[in-house]
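One structure is given here, and the rest of the page talks about it.
In structure tokens:
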């Protein structure tokens, strides 16, 4: 089941946490979720960010646009944003 960001307490939501506590308080996963802004109908933003980080980690810390676009929920716009 897709987890909605509204299911997370406000103080723990990445965007709100960034505003209240600053970027240093966020994990890589949360920072990426803030950059992505949203997930898809099938994949919530936190799961999408997790999938992206897994690909980046497996690629030695970087991933190109083509590799990122192989992830369900990552199109050309999101791939370009994070590549």
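In our numbering, the protein residues as written are 121 to 203.
Ideal placement from N, C-alpha and C gives every residue a C-beta, glycine not left out.
I'd like to check one pair, residue j with residue i: are the Cβ atoms closer than 9 Å?
i: residue 157; j: residue 166; result: no
i: residue 169; j: residue 192; result: no
i: residue 202; j: residue 164; result: no
Hey, quick one: how far does the alpha helix (DSSP H) through residue i stretch, first residue to last?
i: residue 140; result: 134-141
i: residue 189; result: 185-189
i: residue 124; result: Residue 124 -> no alpha helix (DSSP H), and no H or E assigned at all.
i: residue 200; result: 196-202
i: residue 130; result: Per DSSP, residue 130 belongs to no alpha helix (DSSP H) and is neither H nor E.
Please classify residue i as buried or exposed, where buried requires at least 16 other C-beta atoms within 10 Å of its C-beta.
i: residue 143; result: exposed
i: residue 177; result: exposed
i: residue 162; result: exposed
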